[in-house]
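Asks:
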Amino acid sequence: NAGVTQTPKFRILKIGQSMTLQCTQDMNHNYMYWYRQDPGMGLKLIYYSVGAGITDKGEVPNGYNVSRSTTEDFPLRLELAAPSQTSVYFCASSYRGPNEKLFFGSGTQLSVL
Amino acid sequence: AQKVTQAQTEISVVEKEDVTLDCVYETRDTTYYLFWYKQPPSGELVFLIRRNSFDEQNEISGRYSWNFQKSTSSFNFTITASQVVDSAVYFCALRTMNRDDKIIFGKGTRLHILP
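Residue numbers (the working numbering), protein chains in the order written: chain A, 54 to 166; chain B, 1146 to 1260.
1. Using a C-beta cutoff of 7 Å, does D1167 (chain B) count as contacting chain A?
2. Here's the rule I'm using: 16 or more other beta-carbon atoms within 10 Å means buried, otherwise exposed. How should K1252 (chain B) be labelled?
3. For K169 (chain A), go through chain B and note every residue whose CB falls closer than 8 Å to its CB, in chain order.
4. Please identify, using Cβ separations under 7 Å, the residues of the segment 1241-1256 of chain B that lie next to chain A, in order along the chain.
5. Shorter than 7 Å from the beta carbon of L96 (chain A) to some beta carbon of chain B?
6. Would F157 (chain A) pass as an interface residue toward chain B - the criterion being a Cβ-Cβ separation below 7 Å?
7. Assign I1258 (chain B) to buried or exposed, taking buried as 16 or more other Cβ atoms, counted over all protein chains shown, within 10 Å of its Cβ.
8. Helix, strand or coil for D1245 (chain B) per DSSP?
9. Is any beta-carbon of chain B found at less than 7 Å from that of V103 (chain A)?
10. Which same chain residues, not among the five before or five after G104 (chain A), have their C-beta less than 7 Å away from its C-beta?
11. Helix, strand or coil: which one does DSSP assign to T1223 (chain B)?
12. Taking a contact to mean a Cβ-Cβ separation below 7 Å, would you say Q59 (chain A) touches G150 (chain A) in this structure?
13. Residues of chain A with CB under 9 Å from F1213 (chain B), in chain order?
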């Protein structure tokens, strides 16, 4: 059971480049989330999804896009990368019910130079 | 709108001291969940506890305890007899049961346990 898998673990982008952060989970969770964590700061919600085909904006969605075509996958797309998007990105999944909690991936460290 | 405030940015205590981490939340919903997560220096996020809004019972798990008070919208976390391994960033989080279904985190409290 792999849990939540994020790729890549590290990436350096040049300003203006685009990339997709991959996130997949094998727990059949309906709920998936993308957070960013800036140095010394808390977790900010970028986008989330309550099921395949349904996505919604979080606290800081500008500059990002998501899709959820399957239950397992929730990729995060960065268009026209900017230095302000330098951060650690965490994907998480969850279910609703007893013992509900977020299962986090190991994170992607992204630098935009 | 929902909000989680962790006013203590950083705390340092000497090993074996007790320490309390504060969490204050805001929501208009009457039904919600509160969580605490730990982020050790290795960077992963570890679930500690979940509490729903109907359950104001305090929780104790070993050296950890949680005090949930709806009257003050607080969900504080106490570590008794702290150990160096408790050094980490601790996050409080809120999920409301409205249509948004977001999970919002506070900014975290960085805890240093000094030997």
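Backbone N, C-alpha and C fix where the C-beta goes; we use that ideal spot for every residue, glycine too.
Small disclaimer: the values here were computed from a predicted structure and weren't measured.
Replies: Result, derived from the coordinates:
1. As a working mapping, residue 1167 (chain B) is identified with position 22 in the second sequence. Output row for D1167 (chain B): interface = no.
2. Walking along the second sequence from the start, residue 1252 (chain B) turns up at place 107. When all chains shown are included, K1252 (chain B) counts as buried.
3. Outside the displayed range of chain A (54 to 166) lies residue 169 (chain A), so it cannot be described from this structure.
4. D1246, K1247, I1248, I1249, F1250, G1251, K1252, G1253
5. Position 43 of the first sequence, counted from the first residue, corresponds to residue 96 (chain A). Answer yes: the Cβ-Cβ gap between L96 (chain A) and chain B drops below 7 Å somewhere.
6. Counted from its first residue, the first sequence places residue 157 (chain A) at position 104. So, interface residue.
7. Position 113 of the second sequence, counting from 1, holds the residue named residue 1258 (chain B). So I1258 (chain B) counts as buried.
8. Residue numbering aside, residue 1245 (chain B) sits at position 100 when the second sequence is read from its first letter. The answer is coil: DSSP assigns D1245 (chain B) none of H, G, I, E or B.
9. Residue mapping note: residue 103 (chain A) aligns to position 50 of the first sequence, counting from 1. Yes, V103 (chain A) counts as interfacial toward chain B.
10. Locating residue 104 (chain A) in the first sequence gives position 51, counting from the first residue. Only N83 meet the Cβ criterion.
11. Mapped onto the second sequence, residue 1223 (chain B) falls at position 78. T1223 (chain B) falls in the strand class under three-state DSSP.
12. To locate residue 59 (chain A), count along the first sequence from 1; it is residue 6. To locate residue 150 (chain A), count along the first sequence from 1; it is residue 97. Cβ atoms of Q59 (chain A) and G150 (chain A): not closer than 7 Å.
13. Stepping through the second sequence from its first residue, residue 1213 (chain B) is reached at position 68. Per Cβ cutoff of 9 Å: no residues; F1213 (chain B) is ~16 Å from chain A at best.
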